[in-house]
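Residue numbers (this note's numbering), protein chains in the order written: chain A, 17 to 390; chain B, 17 to 390. Below is one structure, written out as C-alpha cells, with a few remarks after it.
Structure (C-alpha cells):
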C-alpha cells in the first residue's frame with residue numbers, strides 16, 4: 017500500500033502497518049526527557065501540540081511539522097509561493113488545538129542550491145501564511161544540503177519545516193477532558209487535500225490515473241496540479257475568536273493525517289458520530305476513482321472536506337458556526353458526541369467506523385444522539 | 017569552491033559568494049512579518065536566536081537548526097546515536113548566546129522509511145543531548161518522505177532538525193551591546209568539526225584525500241569516520257552557571273559556520289584580537305593538508321578548535337574559565353577586544369584578519385590591547 021506516513025510520535029500504542037515497535041520505543045526514549053528540568057511538558061507525546069509551564073500564568077505551546085510530499089507537486093508545477101502557507105497552517109492550526117494563541121513560527125528550509133526565485137517565492141508564501149495566522153517569523157534556517165535532497169526537479173529539491181509557538185494559560189488548556197455525550201461537532205471546511213496524503217494522492221492521480229499536472233479533473237474546474245497546490249486553510253483567527261468569546265469549547269481537532277480519527281485524540285471517553293458531514297470536494301472523488309481506493313482508506317488518509325473540528329456544548333453551536341462563517345469558512349454542525357470508552361468515530365453515510373488510527377467498513381447502526389435516547 | 021552553506025538568514029548585507037541578493041530579499045520579506053502581532057521579535061533576523069516578549073517579565077528565545085551533511089557521514093558509518101546530540105547542541109548552544117536558559121526542543125526527523133534501529137539510535141542521541149543541555153523534548157515529527165531524500169545509504173537517508181526555546185527576561189538579553197575595548201575573549205574548546213563545514217571536510221578527506229571512513233588520520237588516533245562523528249560539545253550548563261553567578265558577560269558566541277567571525281555579530285562597534293588561540297585539533301590539520309585548503313578558508317568554514325566564546329569583563333575572566341573547566345571544558349583567555357567600527361577579527365598567529373563573514377591573509381599588526389596603549 018502506498019501511503020504517506022507522518023506522525024507526531026502519536027502512533028504510539030497503535031499498530032499502524034507494523035511500525036508500532038519502533039515508534040513506541042522512540043516515544044519511550046523521548047518521553048524520558050520530560051523530567052530533565054523543572055519545566056516539564058504538561059501533555060504526553062502525541063497531542064496536537066505540547067505545552068510547557070513557564071510561570072504559573074504563562075504556558076508556551078509548541079508544535080513542529082513539515083509540508084511533506086506536497087513539496088514534490090510544487091516542484092513539478094515549478095511554483096513555490098503556496099507551500100509556505102501550508103507550512104504555517106500545518107503548525108498554527110495545531111497550536112490552537114490546545115487552546116493556545118499562535119504567536120511565532122521559525123522555519124527550516126533545506127535546499128539543493130540557493131535559487132533566487134525559489135527562495136523569494138517560499139518566503140512570500142511564509143509571509144502570507146503568517147499574515148493569515150497573525151503570527152511573526154522571528155528567524156529561520158536555510159541549509160544548503162544538495163546531496164541530502166531529492167525531488168522532482170533537479171537542483172530545486174527542497175524541504176520546508178516549521179515550528180510554531182503560542183501562549184496559553186497553563187491551567188486553561190483545551191484537550192478534550194470535558195467532552196460530554198450530547199456535545200456537538202462543528203466542521204470547518206477544508207480547501208482540498210491540504211498537506212496530508214500526498215503520496216497516495218499522487219500515486220492515484222498520476223501513476224494509476226495517468227494524469228499530467230496540467231490535465232483538468234472532472235468536477236474540479238482547473239488543472240489537477242493547481243487543485244493539489246491549493247494551500248491548507250488557516251483556522252487560527254476563527255478559533256481564537258471563539259476562545260476570546262468564552263464559548264463552550266470542549267476540544268479542537270486539526271484534521272490532518274488519520275483524517276477524522278484526529279477527533280479521537282481527546283482525553284475524555286467520547287465517541288463521535290458524524291451524521292451530517294460537509295460536502296466532499298471533487299478532488300477526493302477523483303483520487304478515489306482513479307486510484308481505486310476504498311472509502312475506509314480514503315477517510316483514513318484524507319480530510320475528505322473537513323479541515324478542522326470544534327467540539328462544543330450544543331448551546332454554543334450557532335455562535336461558533338457564525339464566527340467561522342464570518343471568518344470566511346464554510347461551517348456547520350456535522351455530528352454529535354456519545355459516551356465511548358473506545359473513542360470510535362462513526363461515519364454513517366460512508367458506512368464506516370474508525371478506531372485507533374483507521375476506519376473500516378461498518379454495517380451496524382451508529383449510536384443515536386444522547387438527547388434522542390433519553 | 018566546495019562549501020557547506022548554512023545561514024540563519026544572516027548573510028544579509030554581506031556579499032557571500034553572490035548569494036547576497038536572494039538572501040537579502042528573503043530577509044526583507046520575512047522581517048515584514050515582525051509587526052503581524054503585538055509580540056514583536058526583539059532582535060532583527062540574524063542573531064544566534066531571536067526573543068519574543070511574552071509578558072514584561074517573560075521572554076522566549078527561539079532558534080532552529082539542522083545537523084547538515086554530518087548526516088551523510090552518520091549514514092556511511094551506519095551509526096545514528098550521535099547526531100541527535102549535535103542536533104540539540106546546535107540549537108541549545110545558540111539559545112544561550114542571547115542570555116537565555118534553554119528549556120525545550122522539538123525535533124523533525126525526515127526518513128525514507130521507518131527503520132527500527134535507526135529511529136531508536138536517533139532518539140537515543142536526542143535524549144543524551146537533552147540530558148547534557150538539561151532540556152526536555154516535548155514533541156516532534158517523523159515524516160516519511162522517501163522521494164524527497166537522498167543519502168549515502170539507500171533507504172536510510174534522513175534529515176534531522178531541531179527547534180529550541182529558552183527563557184530570558186526581555187530586558188536582560190545579552191547581545192553584545194556592552195562590549196568595551198579591553199574586555200577579554202574566553203574560548204571553550206570544541207570537540208572537533210562539530211556540525212559545520214562537513215561538505216568541505218568530506219571533499220577534502222574523501223574526494224581529494226582518498227581516505228575511507230575506517231582509515232586512521234595522522235594525529236587523530238582513531239578512524240576518520242569516528243573522529244568526524246564526534247558530537248558537538250554542549251556549552252549550555254557552563255554558560256548558564258556563568259549567568260546565574262552574575263558574572264560580567266558581554267557577549268556569547270557559538271562558533272559555527274563562519275568560524276570565529278561569529279564574534280562579530282555583536283551590537284557594539286568592537287573588534288576582536290585572538291592572540292592566544294586554543295590548540296587546533298589534528299582533524300583540521302588533516303583536512304587542510306589533504307584538501308589543499310588555505311588558512312583563510314579553513315578559519316572561515318571551521319571552528320578550528322574553539323567551539324564557544326565568552327566575551328567578558330577582564331576581572332571575571334578567572335571565574336569564567338574556572339566554571340568552564342569545572343564543567344569539563346578546556347578553556348582559556350584567548351584574546352581581547354578593541355574599538356573597531358568594522359567589527360574585524362584578527363588572528364595574528366594564523367596571519368589572518370576577518371571582516372563580515374570571511375577571513376583573508378593579513379600581514380599587518382593586530383591592534384594592541386587597550387591597556388597597553390594607555
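Beta carbons: idealized from backbone N, C-alpha and C, even for Gly.
### Query
The beta strand (DSSP E) with residue 77(B) in it runs from where to where?
Your numbering for residue 77(B) matches position 61 in the second chain. That run of the beta strand (DSSP E) goes 75-82.
### Query
Mind pulling the chain B residues with CB within less than 7 Å of residue 81(A)?
Taking the first chain and counting its residues from 1, one reaches residue 81(A) at position 65. Residues of chain B whose Cβ lies closer than 7 Å to the Cβ of residue 81(A) are, in chain order, 157.
### Task
With 8 Å as the threshold, decide whether the Cβ of residue 46(B) is near any Cβ in chain A.
As a working note, residue 46(B) is residue 30 in the second chain. Yes, because at least one Cβ of chain A sits closer than 8 Å to the Cβ of residue 46(B).
### Task
Would you grab the beta carbon distance between residue 345(A) and residue 204(A) for me? Rounded to a whole angstrom, and I think it's under 8 Å.
Against the first chain, residue 345(A) aligns to sequence position 329. Against the first chain, residue 204(A) aligns to sequence position 188. About 5 Å; that satisfies the 8 Å criterion.
### Query
Which residue spans inside the segment 75-154 of chain A form an unbroken alpha helix (DSSP H) run of at least 4?
Unbroken alpha helix (DSSP H) runs of no fewer than 4 residues, entirely contained in the segment 75-154 of chain A, are found at 86-93, 99-112, 132-149, following chain order.
### Message
Quick check on DSSP: helix, strand or coil for residue 311(B)?
### Response
As a working note, residue 311(B) is residue 295 in the second chain. DSSP places residue 311(B) in helix when its eight states are reduced to three.
#### Entry: Nearest candidate by alpha-carbon position, reference residue 289(A), set 360(A), 39(A), 216(A)
If you number the first chain from 1, residue 289(A) lands on position 273. Minimum Cα distance to residue 289(A) is reached at 360(A).
### Query
Under a Cβ-count criterion, where at least 16 other Cβ atoms within 10 Å of its own Cβ denotes burial, should residue 297(A) be classed as buried or exposed?
Numbered from its first residue, the first chain carries residue 297(A) at position 281. Looking at its Cβ environment, which holds 16 or more other Cβ atoms inside 10 Å, residue 297(A) is buried.
### Message
In this structure, how does DSSP classify residue 223(A) when only helix, strand and coil are distinguished?
### Response
As a first step, residue 223(A) must be located in the first chain, where it is residue number 207. It is helical.
### Task
Step through the CB atoms of chain B and report whether any lies within less than 8 Å of the CB of residue 66(A).
As a working note, residue 66(A) is residue 50 in the first chain. Cβ-Cβ to chain B under 8 Å: yes for residue 66(A).
### Query
By Cβ distance below 7 Å, which residues in the same chain neighbour residue 142(B) in space, the five residues on each side in sequence not counted?
Taking the second chain and counting its residues from 1, one reaches residue 142(B) at position 126. If we look at residue 142(B) and ignore the five residues flanking it on each side, its Cβ neighbours are 100, 103, 104, 123, 153.
#### Entry: Nearest-angstrom Cβ-Cβ length linking residue 192(B) and residue 282(B), presumed shorter than 8 Å
Here residue 192(B) refers to the residue found at position 176 of the second chain. Here residue 282(B) refers to the residue found at position 266 of the second chain. The C-beta distance from residue 192(B) to residue 282(B) rounds to 3 Å, short enough to meet the 8 Å contact threshold.
### Message
For the segment 78-92 of chain A against the segment 155-162 of chain B, do three or more pairs of beta-carbon atoms, one drawn from each stretch, fall closer than 8 Å, so that the two count as touching?
### Response
They touch, by the three-pair rule.
### Message
Suppose the cutoff is 7 Å on Cβ atoms and the five residues either side in sequence are ignored; what does the same chain contact list for residue 330(B) look like?
### Response
Along the second chain, one-based indexing puts residue 330(B) at 314. Same-chain partners within the cutoff: 198, 199, 200.
### Query
In or out: residue 223(B) buried (at least 16 other Cβ within 10 Å) or exposed?
Numbered from 1 along the second chain, position 207 holds the residue referred to as residue 223(B). Burial call: exposed.
### Message
Short of 9 Å Cβ to Cβ, which residues in the segment 152-176 of chain B face chain A?
### Response
Answer in chain order: 152, 153, 154, 155, 156, 157, 158, 159, 160, 161, 162, 163, 164, 165, 166, 167, 168, 173, 174, 175.
### Message
I need the straight-line Cα distance from residue 226(B) to residue 144(B), nearest angstrom please.
### Response
Locating residue 226(B) in the second chain gives position 210, counting from the first residue. Locating residue 144(B) in the second chain gives position 128, counting from the first residue. Annotation: residue 226(B) to residue 144(B) spans about 33 Å, alpha carbon to alpha carbon.
### Message
So with CB distances below 9 Å, who are the chain B contacts of residue 57(A)?
### Response
As a working mapping, residue 57(A) is identified with position 41 in the first chain. The contacting residues are 120, 152, 153, 154, 155.
### Task
Starting from residue 135(A), find everything on chain B with Cβ-Cβ shorter than 8 Å and list it in chain order.
Taking the first residue of the first chain as 1, we reach residue 135(A) at position 119. Here the neighbours are 38, 39, 41, 42.
### Query
Under the rule that 16 or more other beta-carbon atoms within 10 Å means buried, what is residue 247(A), buried or exposed?
For the purposes of this step, residue 247(A) is identified with residue 231 of the first chain, where counting begins at 1. It counts as buried.
#### Entry: residue 376(B) beta carbon less than 8 Å from that of residue 312(B)
The count along the second chain starts at 1 and reaches residue 312(B) at position 296. The count along the second chain starts at 1 and reaches residue 376(B) at position 360. Less than 8 Å divides the Cβ of residue 312(B) from the Cβ of residue 376(B).
### Query
Are residue 383(B) and residue 275(B) close, meaning C-beta to C-beta below 8 Å?
On the second chain, residue 383(B) is found 367 positions in, with the first residue counted as 1. On the second chain, residue 275(B) is found 259 positions in, with the first residue counted as 1. No, Cβ-Cβ distance for residue 383(B) and residue 275(B) is not below 8 Å.
### Task
Give the interface partners of residue 221(A) over in chain B, defined as CB-CB distance under 7 Å, in chain order.
Within the first chain, the letter at position 205 stands for residue 221(A). Neighbours of residue 221(A) in chain B, taken as residues whose beta carbon is under 7 Å from its own, are absent, since the nearest beta carbon is some 15 Å off.
### Message
Quick check on residue 363(B) - is its C-beta less than 8 Å from some C-beta in chain A?
### Response
Residue 363(B) sits at position 347 when you count from the first residue of the second chain. Answer no: the Cβ-Cβ gap between residue 363(B) and chain A never drops below 8 Å.
#### Entry: residue 207(A) versus residue 180(A) - alpha carbon distance
For the purposes of this step, residue 207(A) is taken as residue 191 along the first chain, with counting starting at 1. For the purposes of this step, residue 180(A) is taken as residue 164 along the first chain, with counting starting at 1. Straight-line Cα distance between these residues: approximately 22 Å.
### Message
Let me check one thing: in DSSP terms, what residues is residue 216(B) bridge-paired to?
### Response
For the purposes of this step, residue 216(B) is taken as residue 200 along the second chain, with counting starting at 1. Looking at the DSSP assignment, residue 216(B) forms no beta bridge with any residue, so it has no partner.
#### Entry: Proximity to residue 55(A) [Cα-Cα], best of 213(B), 133(B), 151(B)
On the first chain, residue 55(A) is found 39 positions in, with the first residue counted as 1. Closest by alpha carbon: 151(B).
### Message
Taking 6 Å as the limit between beta carbons, can you name the residues of its chain near residue 91(B), skipping five residues before and five after?
### Response
As a first step, residue 91(B) must be located in the second chain, where it is residue number 75. Once the five neighbours on either side are set aside, the close Cβ partners of residue 91(B) are 167, 168, 169, 172.
### Query
Does the Cβ-Cβ distance between residue 184(B) and residue 67(B) come in under 8 Å?
Translated into positions along the second chain, residue 184(B) becomes position 168. Translated into positions along the second chain, residue 67(B) becomes position 51. Residue 67(B) is positioned such that its CB atom lies closer than 8 Å to that of residue 184(B).
### Query
Got a sec: is the Cβ-Cβ distance from residue 90(A) to anything in chain B below 8 Å?
Translated into positions along the first chain, residue 90(A) becomes position 74. So no, residue 90(A) is outside the interface.
### Message
Assuming residue 125(B) and residue 176(B) are in contact, meaning their beta carbons sit under 8 Å apart, how far apart are those beta carbons, in whole angstroms?
### Response
On the second chain, position 109 is the one that residue 125(B) refers to. On the second chain, position 160 is the one that residue 176(B) refers to. Distance from residue 125(B) to residue 176(B) at the Cβ level is roughly 6 Å; contact confirmed, criterion being Cβ atoms closer than 8 Å.
### Task
Let me know if residue 137(B) comes out buried or exposed under the rule of 16 or more other beta-carbons within 10 Å of its beta-carbon.
As a working note, residue 137(B) is residue 121 in the second chain. When all chains shown are included, residue 137(B) counts as buried.
### Task
Give me the Cβ distance between residue 368(A) and residue 303(A), rounded to the nearest whole Å; I'm assuming they're in contact under 8 Å.
Locating residue 368(A) in the first chain gives position 352, where the first residue counts as 1. Locating residue 303(A) in the first chain gives position 287, where the first residue counts as 1. The C-beta separation of residue 368(A) from residue 303(A) comes to about 17 Å, leaving the pair out of contact by the 8 Å criterion.
### Message
Please report the distance separating the alpha-carbon of residue 373(B) from that of residue 272(B).
### Response
Indexing the second chain from 1 puts residue 373(B) at position 357. Indexing the second chain from 1 puts residue 272(B) at position 256. Distance from the CA atom of residue 373(B) to the CA atom of residue 272(B), rounded to whole angstroms, is 12 Å.
### Message
If I measure Cβ to Cβ from residue 285(B) and keep anything under 8 Å in the same chain, skipping five residues before and after, which residues do I get?
### Response
Counting from one through the second chain, the residue named residue 285(B) turns up at place 269. These residues qualify, in order along the chain: 355, 356, 357, 359.
### Task
Give the residues of chain A in contact with residue 61(B), contact being defined as C-beta atoms less than 7 Å apart.
In the second chain, the residue the question calls residue 61(B) occupies position 45. Within chain A, the residues near residue 61(B) are 155.
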